[in-house]
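Written below as structure tokens is the structure these notes are about.
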Amino acid sequence: MTRSWRKSSRSGGIADSDCVEVSFAGDVAVRDSKNARGPVLLFPPARWRSFLRRVSR
């Protein structure tokens, strides 16, 4: 499956690749933008929402 990856608009310009990227396709995938072929972390949507609630406090 080909994923469509998104990077935060707050992460800087295109040349600034020090960021994580997220893909939403059933589950939530997270990867390091500096290593796009590297490992990917997968989270169920409910866990991802829980994570976002906690870090946004």
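Sequential numbering from 1 applies to the sequence shown in the UniProt record's numbering.
Glycine included, each C-beta is placed from N, C-alpha and C at the ideal position.
Residue 55 sits exposed, since fewer than 16 C-beta atoms from the chains shown fall within 10 Å of its C-beta. Among the bridge pairs identified by DSSP, residue 51 is matched with none.
For the pair residue 51 and residue 45, the Cα-to-Cα distance works out to about 10 angstroms. For residue 46, the three-state secondary structure derived from DSSP is helix. The beta carbon of residue 25 sits closer than 6 angstroms to the beta carbons of 3 from its chain, once the five residues preceding and following it are set aside; these are given in chain order.
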